[in-house]
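Reading through the structure tokens given below for one structure.
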Ligand code: 5GP
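In our numbering, the protein residues as written are 116 to 307.
See below:
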């Protein structure tokens, strides 16, 4: 069986990358979204084991020590990390695995798995980003400011990504992402 493609989707917090990832899985069967571990508190409506595995700092540090994470990073005030064994097993089963992670993690994964494809999702404009972040209503003003600042810093690294998708319409962004994956699979086949 062909190995699945490892897709790393980063982007400005609030750019709509979560919606795109959810939608591509509804639409096509061979995608899986990796569920990260984090030390941040759940937002209203988030469920342990669905959006994230919500764990303590001590548990997180144990996972780092035991080599259970493919990558990890600190974002604003918390740790976030990707489960290694699960991701590798899904790819072996032919699934295209999506990691929705920030950029330090993205570059760590690329160092280990050079065939990973890095995709950066941009909001159509920065006011839209701020509006979406505030519209979510789950963060304090201080946290929103920190996230906006972090977003500005991340934009400087966009040119190190393989593709940039400007998310004007979810359906269009999903099709772009899917086309990228189909092209990679085709290239892998002809390269064999
Ligand atoms: P949020 O708190 O908004 O859910 O996530 C904050 C940031 O952490 C987002 O940019 C998200 O993509 C990123 N993130 C989520 N899970 C992981 C992970 O496992 N590793 C890394 N490096 N970043 C992650």
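Note that CB positions come from ideal geometry on N, CA and C, so glycine has one too.
Nothing here was measured: the structure is a model prediction, and the numbers come from that model.
Expressed to the nearest angstrom, what Euclidean distance is found between the alpha-carbon atoms of residue i and residue j?
{"i": "residue 246", "j": "residue 116", "result": "44 angstroms"}
{"i": "residue 203", "j": "residue 239", "result": "33 angstroms"}
{"i": "residue 248", "j": "residue 137", "result": "18 angstroms"}
{"i": "residue 232", "j": "residue 153", "result": "23 angstroms"}
{"i": "residue 164", "j": "residue 228", "result": "25 angstroms"}
Which residue from the options puts its Cα closest to that of residue i?
{"i": "residue 253", "options": "289, 196, 159, 270", "result": "159"}
{"i": "residue 184", "options": "192, 199, 283", "result": "199"}
{"i": "residue 175", "options": "126, 258, 155, 127", "result": "155"}
{"i": "residue 281", "options": "266, 236, 257, 301", "result": "236"}
{"i": "residue 216", "options": "166, 181, 259", "result": "166"}
Are there 16 or more other CB atoms within 10 angstroms of the CB of residue i, so buried, or fewer, so exposed?
{"i": "residue 132", "result": "buried"}
{"i": "residue 225", "result": "buried"}
{"i": "residue 171", "result": "exposed"}
{"i": "residue 279", "result": "exposed"}
{"i": "residue 139", "result": "buried"}
{"i": "residue 186", "result": "buried"}
{"i": "residue 264", "result": "exposed"}
{"i": "residue 210", "result": "buried"}
Starting from the C-beta of residue i, find all residues in its chain whose C-beta is less than 7 angstroms away, skip the five residues before and the five after it, and write them out in chain order.
{"i": "residue 219", "result": "188"}
{"i": "residue 273", "result": "235, 279"}
{"i": "residue 205", "result": "119, 147, 212"}
According to DSSP, residue i sits in a beta bridge with which residue or residues?
{"i": "residue 233", "result": "123"}
{"i": "residue 212", "result": "121, 147"}
{"i": "residue 222", "result": "DSSP output for residue 222 lists no bridge partner at all."}
{"i": "residue 152", "result": "168, 196"}
{"i": "residue 296", "result": "DSSP lists no partner for residue 296."}
Below 6 angstroms CB to CB, which residues in the same chain sit around residue i once its five sequence neighbours on both sides are set aside?
{"i": "residue 269", "result": "218"}
Please return the same chain residues whose Cβ sits closer than 8 angstroms to the Cβ of residue i, not counting the five positions on each side in sequence.
{"i": "residue 145", "result": "119, 209, 210, 211"}
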